[in-house]
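Engineer: Per my numbering, the sequence shown starts with residue 3, numbered consecutively.
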Amino acid sequence: MTALIDATALEVAFPDTSKKRPFRPAPTTKILHGVDFHISAGESVGIVGESGSGKTTLGRALLRLIEPSAGHIAFEGQDITHAAERALRPLRARMTMIFQNPLAALNPRRTIAASVAAPLVARGDGSDVRQKVLRALDRSGLPKSFADRYPHQLSGGQRQRVGIARAIVTEPNFILADEIVSGLDVSTQAQILDLLRELRRDMGLALAFITHDLSVVRVLCERVVVMHQGRIVEEGDCAALFAAPRHPYTRRLLAAIPLPELDDTWLDAEAEEVA
Ligand SMILES: Nc1ncnc2c1ncn2[C@@H]1O[C@H](COP(=O)(O)OP(=O)(O)OP(=O)(O)O)[C@@H](O)[C@H]1O
Ligand SMILES: [Mg+2]
3 MTALIDATAL
13 EVAFPDTSKK
23 RPFRPAPTTK
33 ILHGVDFHIS
43 AGESVGIVGE
53 SGSGKTTLGR
63 ALLRLIEPSA
73 GHIAFEGQDI
83 THAAERALRP
93 LRARMTMIFQ
103 NPLAALNPRR
113 TIAASVAAPL
123 VARGDGSDVR
133 QKVLRALDRS
143 GLPKSFADRY
153 PHQLSGGQRQ
163 RVGIARAIVT
173 EPNFILADEI
183 VSGLDVSTQA
193 QILDLLRELR
203 RDMGLALAFI
213 THDLSVVRVL
223 CERVVVMHQG
233 RIVEEGDCAA
243 LFAAPRHPYT
253 RRLLAAIPLP
263 ELDDTWLDAE
273 AEEVA
């Protein structure tokens with residue numbers, strides 16, 4: 003089976019403005035060091051790691067919101083490593099992103115309908131826009147009457163549903179979700195995760211889910227990759243990896259989960275090792 007997204011030996015470097023010297027090319031700092039990342043159609047993969055480990059940078063590179071400095075990315079077998087925006091435009095409908103902070107991502111002066119319609123309009127898809135928007139809102143668990151509201155009239159959880167409606171309105175087959183539940187209370191988080199699970203099933207979506215929270219990964223993802231300082235240091239099936247983490251960094255991450263959230267399979271593995 004071909005991977006939906008297949009990234010190999012990916013490197014991303016940012017210009018280092020603090021070291022700028024006149025008449026010389028700006029030096030760069032490498033953030034991703036040879037990352038291999040694959041996701042198949044319909045698959046759900048968690049990307050975890052501490053702050054600054056490069057999760058968002060990897061996600062943005064996969065969507066080609068930034069251009070890698072080395073390596074390759076293919077989307078459905080098509081090489082998009084250095085594709086120009088014009089060539090990427092038709093793909094933008096099929097690989098989308100849910101933003102962490104929906105209030106910052108939504109224009110306060112635009113109705114919900116206008117915000118959700120934006121990706122359709124950007125792609126020049128003018129047919130049945132209202133119909134598609136209402137359907138996306140409905141799929142995201144929002145009443146159709148919300149179409150004519152404004153962002154400030156919605157709760158945090160409802161705004162995040164608008165963010166989801168906007169990400170699915172073009173019927174994508176890949177969605178990147180970057181820390182999308184971290185600002186929400188626990189019961190709203192659970193509802194949003196349920197919604198994502200349902201959408202994945204109904205739309206056959208592949209999902210890359212970036213989070214600090216390993217307990218979220220466990221309920222949502224089949225596979226997990228662990229990042230540390232711009233590298234993937236461990237990856238595997240969720241159940242197997244949580245039962246027997248190999249990398250010391252993964253063990254530290256697991257140890258940071260509040261105990262009541264855990265089943266004790268991995269604790270047993272750890273106890274065995276200590277003994
Ligand atoms: N546009 C940029 N220019 C320069 N450096 C950047 C840029 N974006 C990210 N970085 C640096 O790259 C590193 C990785 O950042 P990234 O945002 O990918 O981490 P993260 O794992 O998503 O962290 P967090 O969990 O805090 O969101 C950090 O050191 C960050 O300062
Ligand atoms: Mg991030």
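Using N, Cα and C, we set each Cβ at its ideal position, and we do this for glycine too.
With distances taken Cα to Cα, identify the nearest neighbour of Arg-220 among Arg-203, Phe-244 and Asp-204.
Structural biologist: Nearest C-alpha to Arg-220: Phe-244.
Engineer: Whole angstroms is fine: what's the gap from Gly-206's alpha carbon to Thr-213's?
Structural biologist: Rounded to the nearest angstrom, the two C-alpha atoms are 21 angstroms apart.
Engineer: By how many angstroms is the C-alpha of Asp-130 removed from the C-alpha of Ser-55?
Structural biologist: So the alpha carbons of these two residues sit roughly 42 angstroms apart.
Engineer: By the three-class DSSP mapping on this structure, what secondary structure does Ala-258 have?
Structural biologist: Three-state DSSP puts Ala-258 in coil, outside helix and strand.
Engineer: To the nearest angstrom, how far is it from the Cα of Ser-117 to the Cα of Arg-203?
Structural biologist: Roughly 25 angstroms between the two C-alpha positions.
Engineer: What are the boundary residues of the beta strand (DSSP E) that Gly-48 is part of?
Structural biologist: From DSSP, the beta strand (DSSP E) with Gly-48 extends over 46-50.
Engineer: Grab me the residues of Glu-272's own chain with a C-beta within less than 6 angstroms of its C-beta, minus the 5 sequence neighbours each way, in chain order.
Structural biologist: Bear in mind that the predicted position of Glu-272 carries a pLDDT of just 45, short of 50, making it too unreliable to give a figure here.
Engineer: Give the secondary structure of Gln-102 by DSSP, where H, G and I count as helix, E and B as strand, and everything else as coil.
Structural biologist: Three-state result, Gln-102: coil.
Engineer: Which same chain residues end up closer than 8 angstroms to Glu-45 when comparing Cβ atoms and leaving out the 5 residues on each side of it in sequence?
Structural biologist: These residues qualify, in order along the chain: Leu-6, Ala-208, Leu-209, Glu-224 and Arg-225.
Engineer: Which residues in the same chain have their Cβ closer than 8 angstroms to the Cβ of Lys-146, if we skip the five residues on either side of it in sequence?
Structural biologist: Cβ neighbours of Lys-146 beyond the five flanking positions: Leu-136, Leu-139 and Asp-140.
Engineer: Taking Cβ to Cβ, would you say Arg-168 is nearer than 8 angstroms to Gly-143?
Structural biologist: Cβ atoms of Arg-168 and Gly-143: not closer than 8 angstroms.
Engineer: Inspect the beta-carbon positions of Ile-194 and Thr-98 and report whether they are closer than 8 angstroms.
Structural biologist: No, these two residues do not count as a Cβ contact at 8 angstroms.
Engineer: Does the count of Cβ pairs from the segment 170-187 and the segment 84-98 closer than 8 angstroms reach three?
Structural biologist: Enough Cβ pairs lie closer than 8 angstroms, so yes.
Engineer: Where the beta carbon is closer than 5 angstroms to any heavy atom of ligand 1, which residues qualify, in chain order?
Structural biologist: For ligand 1, the selected residues are Phe-16, Ile-33, Ser-53, Gly-54, Ser-55, Gly-56, Lys-57, Thr-58 and Thr-59.
Engineer: Is DSSP giving Thr-30 helix, strand or coil here?
Structural biologist: Thr-30: strand per DSSP, three-state reduction.
Engineer: Following a CB-centred definition, is Asp-215 positioned closer than 7 angstroms to any heavy atom of ligand 2?
Structural biologist: Asp-215: no, Cβ never under 7 angstroms from ligand 2.
Engineer: Between the C-alpha atoms of Glu-29 and Thr-19, what's the straight-line distance to the nearest angstrom?
Structural biologist: For the record, residue 29 in the displayed sequence is Pro; it is not Glu. For Pro-29 and Thr-19, the distance between alpha carbons rounds to 8 angstroms.
Engineer: Let me confirm a value: Gly-61 is counted as buried when at least 16 other C-beta atoms fall within 10 Å, else exposed. Which label applies?
Structural biologist: The residue in question, Gly-61, is buried, as its Cβ has 16 or more Cβ neighbours within 10 Å.
Engineer: Taking the C-alpha atoms as reference points, what is the distance between Ala-9 and Ala-72?
Structural biologist: About 11 angstroms.
Engineer: Could you tell me which residues DSSP puts in a beta bridge with Arg-225?
Structural biologist: Val-47 and Asp-239.
Engineer: Which word fits Pro-24, buried or exposed, when buried means at least 16 other C-beta atoms lie within 10 angstroms of its C-beta?
Structural biologist: Counting Cβ neighbours within 10 Å, Pro-24 comes out exposed, since fewer than 16 surround it.
Engineer: Quick check: is the beta carbon of Arg-141 nearer than 8 angstroms to any beta carbon in chain D?
Structural biologist: This model lacks chain D altogether; it includes just one protein chain.
Engineer: Per DSSP, what kind of secondary structure is Gly-159 in: helix, strand or coil?
Structural biologist: Reduced to three states, the DSSP call for Gly-159 is helix.
Engineer: Is it right to say Phe-77 is buried, meaning 16 or more other beta carbons lie within 10 angstroms of its own, or is it exposed?
Structural biologist: That one is buried.
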